[in-house]
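Protein chains: 2
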Amino acid sequence: MTIIFSKKCEYGLQACLYLAAINTGAVIPSGEIAKQLKIPKEFISKILQSLTTSGLIYSKKGKLGGFSLAKDPSKIKLIDIVTAIDGLQLFEKCVLGFPNCSPDTPCPVHDKWGELRTKAYQMLTDETLDAFTEKTLRKIKNL
Amino acid sequence: MTIIFSKKCEYGLQACLYLAAINTGAVIPSGEIAKQLKIPKEFISKILQSLTTSGLIYSKKGKLGGFSLAKDPSKIKLIDIVTAIDGLQLFEKCVLGFPNCSPDTPCPVHDKWGELRTKAYQMLTDETLDAFTEKTLRKIKNL
DNA sequence: CTTCATAAAGATTATATATTCTTAAAATGA
DNA sequence: TCATTTTAAGAATATATAATCTTTATGAAG
Numbered sequence: 696m697t698i699i700f701s702k703k704c705e706y707g708l709q710a711c712l713y714l715a716a717i718n719t720g721a722v723i724p725s726g727e728i729a730k731q732l733k734i735p736k737e738f739i740s741k742i743l744q745s746l747t748t749s750g751l752i753y754s755k756k757g758k759l760g761g762f763s764l765a766k767d768p769s770k771i772k773l774i775d776i777v778t779a780i781d782g783l784q785l786f787e788k789c790v791l792g793f794p795n796c797s798p799d800t801p802c803p804v805h806d807k808w809g810e811l812r813t814k815a816y817q818m819l820t821d822e823t824l825d826a827f828t829e830k831t832l833r834k835i836k837n838l
Numbered sequence: 696m697t698i699i700f701s702k703k704c705e706y707g708l709q710a711c712l713y714l715a716a717i718n719t720g721a722v723i724p725s726g727e728i729a730k731q732l733k734i735p736k737e738f739i740s741k742i743l744q745s746l747t748t749s750g751l752i753y754s755k756k757g758k759l760g761g762f763s764l765a766k767d768p769s770k771i772k773l774i775d776i777v778t779a780i781d782g783l784q785l786f787e788k789c790v791l792g793f794p795n796c797s798p799d800t801p802c803p804v805h806d807k808w809g810e811l812r813t814k815a816y817q818m819l820t821d822e823t824l825d826a827f828t829e830k831t832l833r834k835i836k837n838l
């Protein structure tokens, strides 16, 4: 069970944070990413493939191939990765599962959840990937 | 796709809010609950069965049987229902899926998510079901 | 006692998500 | 050119969740 992101999205975020943190222009093979994050190689490979299609990740085939961020870490936000993988339903749908939840026909926790949703959105948009470098490196070191 | 609760939990919350809102001591058959909430009868029946085991719901078998809250709405909080169905993993696990996320080994968004998690917990604990009566009735009317 | 509508229980099916496997294509370097 | 390593692509499998179906037990009312 995941919290608010799918497992795909969690791993996608982890991988992008990792690629941003090591901050080398070079491509990193999926095996190395998987090893560092301790997640399945084939799965993260698939996820990065889809992010390649989205334009967030650059991939190089063949020997010495691998994945890297398609742009500078200072140009990528967490929300970009979430949008590419899970989409923005998290910020659109009713937290209690009621249909058509809106200011007109609000659910019982509409206003409170609205505040939380805004704060969650800010968490994903306020900073760019480069701001997480230090914390990411420390976390990965302790995996 | 759901936001933070499973579909079971969403429907369980809806049903409990409904039972609290109509505020009649009598049992309501699952068919009536399903009709009011526009959700599958068999599914909500199964969910309420499990909440009966948890002690939140009272059930009466046979003709004129049905479900009602096991306690007064002023004695039940949303968190009770969430705990019974989804458990509290939402408040324990890392939002980015990293293992062992803690103040010692925090993930890159540990602090920010911590604030949100606390606020979300408050949303589910601050008020008891009776506080949502009006909003629930208005919402159900517009389904 | 019989009928009928209901919850309970468990099996089954369907769907979504997660994960792995297999093959092909690409690119490097010998 | 050839061997090797890697991503790409898609198929296949596994698992979790959602939803339905079937049967049984229950209890009210005639």
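Which chain is which? The protein sequence lines are A and B, in order.
Quick note on numbering: the first sequence equals residues 696 to 838 in our numbering.
Quick note on numbering: the second sequence equals residues 696 to 838 in our numbering.
The beta-carbon is built from N, C-alpha and C at its ideal position, and this holds for glycine as well.
Determine which residues share a DSSP beta bridge with Y753 (chain A) and list them.
Its beta-bridge partners are A:S763.
Check the Cβ of G792 (chain B) against every Cβ in chain A and list those closer than 9 Å, keeping chain order.
T697, I698, F700, K702, C704, E705, Y706, L708, Q709, I734, listed in chain order.
Just to make sure I have the definition right: I need the residues of chain B whose C-beta is within less than 7 Å of the C-beta of N837 (chain A). Which are they?
Under the 7 Å cutoff, chain B gives T800.
Mind listing the chain A neighbours of V804 (chain B)? Cutoff is C-beta to C-beta under 7 Å, in chain order.
Result: M818.
Taking C-alpha atoms, which residue in A:F700, A:S725, A:R812 lies nearest to T747 (chain A)?
Cα-wise, what sits closest to T747 (chain A) is A:S725.
Mapping the DSSP letters down to three states, classify K814 (chain B) as helix, strand or coil.
The answer is helix: DSSP assigns K814 (chain B) an H, G or I state.
Just tell me which of B:G760, B:L732, B:D775, B:K702 has its CA closest to the CA of I835 (chain B).
The option with the nearest alpha carbon to I835 (chain B) is B:L732.
Could you say if the region 709-723 of chain A and the region 794-802 of chain A meet the contact criterion of at least three C-beta pairs nearer than 8 Å?
Counting Cβ pairs under 8 Å, fewer than three are found: no touch.
Say whether chain A places a C-beta atom closer than 8 Å to the C-beta of F738 (chain B).
Not one chain A Cβ lies under 8 Å of F738 (chain B).
Are the Cβ atoms of C704 (chain A) and L764 (chain A) separated by less than 8 Å?
In this structure, L764 (chain A) does not lie closer than 8 Å to C704 (chain A) by Cβ.
From the DSSP output, in three-state form, read off T820 (chain B) for me.
Three-state result, T820 (chain B): helix.
Measure the alpha-carbon distance for A715 (chain A) versus A815 (chain B) and round it to whole angstroms.
Approximately 30 Å, taken between the alpha carbons.
State the beta-bridge partners of I780 (chain B) as determined by DSSP.
Answer is none; I780 (chain B) lacks a bridge partner.
How many Å lie between G760 (chain A) and Y753 (chain A) at the Cα?
Approximately 10 Å, taken between the alpha carbons.
Between K788 (chain A) and chain B, is the shortest Cβ-Cβ distance under 8 Å, so that the two count as touching?
So, interface residue.
On the criterion of 16 or more Cβ atoms from any shown chain inside 10 Å, does Q817 (chain A) qualify as buried, or is it exposed?
It counts as exposed.
What is the C-beta distance between I774 (chain A) and T820 (chain A), in whole angstroms, given that I count them as a contact (C-beta under 8 Å)?
Indeed they touch by this definition, with Cβ atoms about 5 Å apart.
So which residues of chain A does K814 (chain B) contact, with C-beta pairs closer than 7 Å?
Within 7 Å Cβ-Cβ: L811.
Please state the DSSP three-state secondary structure of K758 (chain A).
Here K758 (chain A) sits in coil by DSSP.
Which residues mark the beginning and the end of the alpha helix (DSSP H) in which C711 (chain A) is found?
Start and end: 702-717.
Assign L838 (chain A) to buried or exposed, taking buried as 16 or more other Cβ atoms, counted over all protein chains shown, within 10 Å of its Cβ.
Flag for L838 (chain A) reads exposed.
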